[in-house]
Amino acid sequence: MDYINILKDLSTYPGVSGQEDKLSGYIAKLFEKYCDSVEIDEFYNVIGIKKGIGGSGGRRIMVTAHLDEIGLMVKSIDEKGFITVSNIGGVDSKVLLAQEVVIHGKKEIYGIIGAKPPHLLTPEEIKKAVKMEDLVIDTGLSAEEVRKYVSVGDIVTFKVEPLVLQNNRFSSKSLDNRAGVVALLDIMENLTLLNHKDDVWFVATVQEEVGLRGANIAAYNISPDLAIVIDVCHGQIPGTPKESVFPVGKGPAVAVGPNLHRKYTKKMIELAKEENIPYQIDVEPGDTGTEAWAVQVSREGIPTLLVSIPLKYMHTVIETLSIDDIKNTGRLIARFISMTGNEMEEGLC
1 MDYINILKDL STYPGVSGQE DKLSGYIAKL FEKYCDSVEI DEFYNVIGIK KGIGGSGGRR
61 IMVTAHLDEI GLMVKSIDEK GFITVSNIGG VDSKVLLAQE VVIHGKKEIY GIIGAKPPHL
121 LTPEEIKKAV KMEDLVIDTG LSAEEVRKYV SVGDIVTFKV EPLVLQNNRF SSKSLDNRAG
181 VVALLDIMEN LTLLNHKDDV WFVATVQEEV GLRGANIAAY NISPDLAIVI DVCHGQIPGT
241 PKESVFPVGK GPAVAVGPNL HRKYTKKMIE LAKEENIPYQ IDVEPGDTGT EAWAVQVSRE
301 GIPTLLVSIP LKYMHTVIET LSIDDIKNTG RLIARFISMT GNEMEEGLC
């Protein structure tokens, strides 16, 4: 698999929560290479089914990763053509200053989020945090020209050029959670080389950043016997508490806690040890903040696991990860899925 180019394409493709339809169509085409059938539901979740060799006697395993990204929405256009915005999802206003953006109006309009030069800041302004309502987008156009192409409610995404860094690192926007979508593709590719008895539903979900909505719908409709959620977790950077972050390049983080099925999680950790797949342990005593929280309590309850890819600088335009962590996520989950029912369930009771 060409991880770099797939990550470049996926991370730069616009797909803000609630506006994922075009990206869903693109991802569906990627799924078609590996899945027996692919569909896009009414909510724009992409669902690919890979049949197992067990026929109708196998279980239903669902693997999810959300495809949506955080972004902005046009709130107003003033008399000089400056545009104010509101956030969609967890956007930190501090990282917006001096960013390049794309406004998705009647046509794409490029703009910049202006920043007052430090020479002009008052002592009071220097001490204050930047507020979303104080930021404006400058397109260079007059108010009349802006209103010709841009309307209140239009979506705004960040304009980014992905970077390949040293030591197999990759940086771009939206790796939360397009990296998880690449992991889905990696699992599919791995499963083409492995015999798996169970049918697998691969779901690239929507609207995770605004309330886990796509996963909630998919879990209810598919009603799997087992679910595995792939997301990102905080990569280790200077100044962060060691118990809350994970070194990049040391393998995926397997979550343990009350939201996750204890015995299936133990089986996955045992498998990682047996297969010499690098992994880390993510202690989650409460809400994981991921789709696992919604999936677990769907219908009558679904045994759920959570595997996360360490990601530095989350919810910025320079999110950074290790390609190796994506590969090891795919390898671990594919091997777990390929375990027969008896192997996977031994000792669960």
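Going left to right, the sequence shown walks through residues 1 to 349 as UniProt numbering numbers them. The beta carbon of each residue, even a glycine, is placed where N, CA and C say it ideally should be.
Contact belief for residue i with residue j at Cβ below 8 Å, rounded distance in angstroms
| i | j | result |
| --- | --- | --- |
| residue 252 | residue 304 | That belief does not hold up - the Cβ atoms of residue 252 and residue 304 are roughly 16 Å apart, past 8 Å. |
| residue 248 | residue 162 | Actually they are not in contact, since the Cβ atoms of residue 248 and residue 162 sit about 16 Å apart, beyond 8 Å. |
| residue 47 | residue 215 | Not a contact, Cβ separation roughly 12 Å. |
| residue 137 | residue 202 | The Cβ separation is near 37 Å, so there is no contact. |
| residue 315 | residue 90 | 5 Å |
| residue 158 | residue 295 | The Cβ separation is near 29 Å, so there is no contact. |
| residue 230 | residue 185 | At roughly 11 Å, the Cβ-Cβ gap does not stay under 8 Å, so residue 230 and residue 185 are not in contact. |
| residue 182 | residue 326 | 6 Å |
| residue 179 | residue 80 | About 40 Å; that fails the 8 Å criterion. |
| residue 319 | residue 205 | That pair is no contact at about 19 Å. |
| residue 302 | residue 227 | 5 Å |
| residue 321 | residue 169 | 7 Å |
| residue 93 | residue 121 | With 8 Å as the limit, residue 93 and residue 121 do not qualify as a contact, their Cβ atoms being about 16 Å apart. |
Assigned exposure category for residue i - 16 Cβ within 10 Å defines buried
| i | result |
| --- | --- |
| residue 165 | exposed |
| residue 53 | exposed |
| residue 349 | Annotation note: pLDDT 48 at residue 349 (below 50); position unreliable, coordinate value reported separately. So residue 349 counts as exposed. |
| residue 262 | exposed |
| residue 192 | exposed |
| residue 117 | exposed |
| residue 237 | exposed |
| residue 4 | exposed |
| residue 177 | buried |
| residue 220 | exposed |
| residue 284 | buried |
| residue 300 | exposed |
| residue 66 | buried |
| residue 297 | exposed |
| residue 10 | buried |
| residue 108 | exposed |
| residue 133 | exposed |
| residue 124 | exposed |
| residue 335 | buried |
| residue 267 | buried |
| residue 42 | exposed |
| residue 312 | buried |
Own chain residues within Cβ distance below 6 Å of residue i, not counting five before or after
| i | result |
| --- | --- |
| residue 86 | 73, 75 |
| residue 17 | 68, 88, 89, 207, 209, 210 |
| residue 196 | 52, 337, 338 |
| residue 40 | 24, 28, 46 |
| residue 415 | Any property of residue 415 remains undetermined from this structure, which presents the chain solely from 1 to 349. |
| residue 95 | 316 |
| residue 145 | none |
| residue 21 | 44 |
Own chain, CB closer than 7 Å to residue i, minus 5 neighbours either side, in chain order
| i | result |
| --- | --- |
| residue 97 | 113, 115, 130 |
| residue 308 | 231, 232, 233, 252, 253, 255, 282 |
| residue 30 | 185 |
| residue 224 | 60, 61, 62, 201, 302 |
| residue 105 | 149, 150, 151, 154 |
Contact set for residue i: own chain, Cβ-Cβ below 8 Å, skip 5 residues either direction
| i | result |
| --- | --- |
| residue 110 | 100, 101, 102, 103, 139, 159 |
| residue 331 | 186, 190, 275, 277 |
| residue 293 | 212, 259, 287 |
| residue 38 | 28, 31, 32, 46, 47, 48, 49 |
- Query: Does the segment 24-35 come close enough to the segment 165-176 to have 3 or more Cβ pairs within less than 8 Å?
  - Reply: no
ask   = Does the count of Cβ pairs from the segment 146-157 and the segment 4-18 closer than 8 Å reach three?
value = yes
Is there contact between the segment 237-247 and the segment 267-278, where contact requires at least three CB pairs shorter than 8 Å? no
Taking only runs that begin and end inside the segment 224-293, name each unbroken beta strand (DSSP E) of 3 or more residues, in chain order. 226-234, 253-256, 280-283
* Asked: Hey, which unbroken runs of the beta strand (DSSP E) at 3 residues or more fall wholly within the segment 39-88?
  -> 46-50, 60-66, 71-77, 83-88
Check: In chain order, which continuous runs of the alpha helix (DSSP H) of length 4 or greater are located wholly inside the segment 150-195?
Finding: 175-191
Q) Quick one: complete alpha helix (DSSP H) runs, 4+ long, within the segment 2-30? A) 3-12
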